[in-house]
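Down below is the structure, laid out as structure tokens.
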Amino acid sequence: MYFPSWLSQLCRGLSRPLGSTTQPIWGSLSRSLVLSSQRRIPEFSSFVARTNTCGELRSSHLGQEVTLCGWIQYRRQNVFLVLRDFHGLVQIVIPQDESAASVKKILCEAPVESVVQVSGTVISRPPGQENPKMPTGEIEIKVKTAKLLNPSKKLPFEIKDFVKKTETLRLQYRYLDLRSFQMQYNLRLRSQMVMKMREYLCNLHGFVDIETPTLFKRTPGGAKEFLVPSREPGKFYSLPQSPQQFKQLLMVGGLDRYFQVARCYRDEGSKPDRQPEFTQIDIEMSFVDQSGIQSLIEGLLQYSWPNDKDPLLVPFPSMTFAEALATYGTDKPDTRFGMKIIDISDKFRNTEIAFLQDALSKPQGTIKAMCVPEGTKYLKRRDIESIQKFAADHFNQCSLLGKLRLECADLLEMRGMVLRDISLFSFLWVVDFPLFLPKEENPRELESTHHPFTAPHPSDIHLLYTEPEKVRSQHYDLVLNGSEIGGGSIRIHDAELQRYILATLLKEDVKLLSHLLQALEYGAPPHGGIALGLDRLICLVTGAPSIRDVIAFPKSFRGHDLMSSAPDSVPPEELKPYHIQVSWPTDSESEKSSLNHLHHPKS
Ligand code: ASP
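Numbering (the working numbering), first residue to last: 1 to 603.
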């Protein structure tokens, strides 16, 4: 559970001390967010039927007449009621005198989680009854009037962060899950960071926020796209994987600093920490080089970084793709800890150990080692056995050592070693990627490492015509704590070069991209860009266990909306205008799929 760590970090130095060392629970949230925005405090109660939020009331409000709206968190002995809104909790004193019988009836009969409006006076709690754990714990509300705005049925789970509930249930009743402090925090922090990003890009650096279509056409390369039927027989739109082509076309159109909080769609099936629809901070600039984009992103993150975290130090370190693979066994190294991979081939050149000799005799055969700090102290026999099994299971993947490194880190941490500081944000640029990689399904063919619009490294252009697999690119990825949170490139702006790469090297159908190729011929400026994966970034910043925890209405692991049951079937007559017929699976296929479903009740 990540609740205590981010909460205490968030509250560090921001909440007013209340005479106790206990961290305040409700109430610190919006104050911290407000302070970290370094702007005027937003007016949370303008235009609505309340004068204050529940969580904001303090001794400084004593004597004030207030009207509050909120949900009933709990009731004690029909004397006290605790009211909750996004801002926090406040104690309401239920009047006991005869003259207020109707108010008492409303407040005592309304079920928990009903939404009520109360008006009354802020009074101090009797001496000794203050609650130092509550930011509003010095005061209470002496109620004069109360209105039941809407009663609530019994909830499928309690709105308390410490009450464990399955993710299936949370997603099924997402609108209730959103009432939790944790979800409120995540979504409000996300909103605040996006706001600061807009401010930085538009107000400080003259970017233009431009929306691009989400009904588009199929494009070559990259992830699988979702299809959208059209009324023209056999014709489909595609949902874009990203606004890549549009942002390049905007550069041709002279909108030379573009950005968008862009929704992207990829039909990649079930992958942990991926969503079929996700959000990018998408950026493109003309007349820029790699270092210009990198500085822009460093400034953007620094500017939008929450104030309750340590400020970011820039520039971020940088590492080539080759170095990342050699020393960390992955192109997204977690640089919060060492345990680097070391090439010890030279030490074994004259070895007589047969399997090592054999390894070295293979083309590009190497012997590599990794030193696990205090491994003998922390790792138990069964850990070593599980590492051996892991190695055997992943044998022949070149990323094996990188995976082993992370596996060892997990084991060490399980055994009590502190290896990855959870308050550390370790950013890293990975650069000089190869322009192409061998296709997984047919290694003799090439595919783009990033996407086909990425420009080759200027010093490698000549290799395009002789040894294209050796060409490095002007592609850069941004990695945070071992997760890729962004990627981009300087683009090809020369139509001929783009055509050659698409048709000759990638064997793609250039007709699908004729609009882009044509545009490049009309004085396209040199340009480049990047996209940051917003969901993953916020997930790492908040320390949430999954990207689903920073998205208001995410899909399940299998891409379903568990609340509304999307995707859903459509009657045949509604498919007619699209000239589509469903080819239903055979009995055995559907049996298999329903069994699958039984085995994966979470989806
Ligand atoms: N469109 C690219 C992506 O989604 C990012 C970029 O190259 O700007 O990965």
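All C-beta atoms in this analysis are idealised placements derived from N, C-alpha and C, irrespective of residue type, glycine included.
For residue i, which of the options has the nearest alpha-carbon?
i      : options                           : result
Ile367 : Phe355, Phe425, Thr542 and Thr121 : Phe355
Met193 : Asp568, Thr351 and Thr542         : Thr542
Val431 : Ala322, Arg218, Pro306 and Leu575 : Ala322
Ile92  : Glu98, Leu497, Met417 and Gly55   : Gly55
Asp273 : Asp161, Ser46, Pro545 and Leu169  : Pro545
Phe348 : Ser361, Arg231 and Ile547         : Ser361
Cys108 : Val82, Asn78 and Tyr265           : Asn78
Leu301 : Val48, Ile580 and Leu532          : Leu532
Ala552 : Asp177, Pro126 and Ser59          : Asp177
Ile490 : Gly329, Ser459 and Ile530         : Ile530
Leu201 : Ile297, Ile353 and Gly488         : Ile297
Ser345 : Lys332, Met370 and Asp331         : Met370
Arg231 : Trp584, Ile123, Glu574 and Ser386 : Glu574
Gln117 : Phe390, Phe337, Asn150 and Ser426 : Asn150
Lys224 : Ala262, Thr212, Glu277 and Met195 : Glu277
Glu167 : Pro567, Leu506, Pro554 and Ser45  : Pro554
Gly505 : Gln518, Leu520, Val288 and Leu463 : The identity of residue 505 in the sequence shown is Leu, whereas the question assumes Gly. Cα-wise, what sits closest to Leu505 is Leu463.
Glu496 : Gly487, Ser514 and Met417         : Ser514
Lys196 : Tyr500, Lys164, Glu130 and Gly299 : Gly299
Thr449 : Gly206, Lys142 and Asp331         : Asp331
Gly329 : Ala566, Ala100 and Leu404         : Leu404
Lys340 : Ala324, Glu352, Gly269 and Gln290 : Ala324
Pro240 : Lys164, Lys217 and Arg179         : Lys217
Met563 : Val510, Leu169 and Asp308         : Leu169
Pro306 : Asp561, Ile538 and Ala566         : Ile538
Gly137 : Leu502, His61 and Lys153          : His61
What are the start and end residues of the alpha helix (DSSP H) that includes residue i?
i      : result
Lys104 : Ala101 to Glu109
Asn186 : Phe181 to Arg198
His515 : Ser514 to Leu520
Cys408 : Leu400 to Met414
Gly55  : Here Gly55 belongs to no alpha helix (DSSP H), and DSSP marks it neither H nor E.
Thr542 : Leu534 to Thr542
Glu43  : Where Glu43 is concerned, there is no enclosing alpha helix (DSSP H), given that its DSSP letter is neither H nor E.
Gly486 : Counting along the chain, Gly486 falls outside any alpha helix (DSSP H), though it belongs to the beta strand (DSSP E) covering Ser483 to Ile490.
Glu385 : Arg381 to Asp393
Thr327 : Phe321 to Tyr328
Leu171 : Glu167 to Gln172
Leu497 : Ala495 to Arg499
Do residue i and residue j have their C-beta atoms within less than 9 Å of each other?
i      : j      : result
Ile139 : Glu113 : no
Asn186 : Val550 : yes
Val103 : Lys144 : yes
Leu227 : Ser238 : yes
Asp535 : Thr279 : yes
Leu412 : Tyr465 : no
Asp282 : Phe259 : yes
Asn481 : Leu424 : yes
Val252 : Gly523 : yes
Pro443 : His493 : no
Pro452 : Pro220 : yes
Leu446 : Pro438 : yes
Leu171 : Ser556 : yes
His87  : Phe47  : no
Leu83  : Gly70  : yes
What are the boundary residues of the beta strand (DSSP E) that residue i is part of?
i      : result
Ser238 : Phe236 to Ser238
Met251 : Not the beta strand (DSSP E): Met251 falls in the alpha helix (DSSP H), residues Gln244 to Val252.
Ala369 : Lys368 to Met370
Glu574 : Counting along the chain, Glu574 falls outside any beta strand (DSSP E), though it belongs to the alpha helix (DSSP H) covering Pro572 to Leu575.
Gln73  : Glu65 to Arg76
Ser291 : It is not in any beta strand (DSSP E) - Ser291 instead sits in the alpha helix (DSSP H) that spans Gln290 to Ser304.
Arg84  : Phe80 to Asp85
Tyr604 : This structure gives no information on residue 604, because the portion of the chain shown stretches from 1 to 603.
Glu447 : Leu446 to Ser448
Phe622 : In this structure the chain extends from 1 to 603, so residue 622 is not present and cannot be described.
Pro229 : Leu227 to Pro229
Just list the residues that DSSP pairs residue i with in beta bridges.
i      : result
Lys142 : Val93 and Thr121
Glu284 : Tyr258 and Gly529
Tyr265 : Glu277
Gly88  : Asp85
Ile472 : First, the amino acid is wrong: residue 472 is Arg here, not Ile. The partner list for Arg472 (beta bridge, DSSP) reads Pro434.
Asn150 : Val115
Does the beta carbon of residue i come closer than 9 Å to any beta carbon on chain D?
i      : result
Gly482 : Within the model displayed, chain D is absent; a lone protein chain is all it includes.
Does any heavy atom of the ligand FMN sit closer than 8 Å to the C-beta of residue i?
i      : result
Gly292 : Only the ligand ASP can be found as ligands here, which leaves the ligand FMN out of the picture.
Problem - Residue ranges of each alpha helix (DSSP H) within the segment 333-375, 4 or longer - result: 354-361
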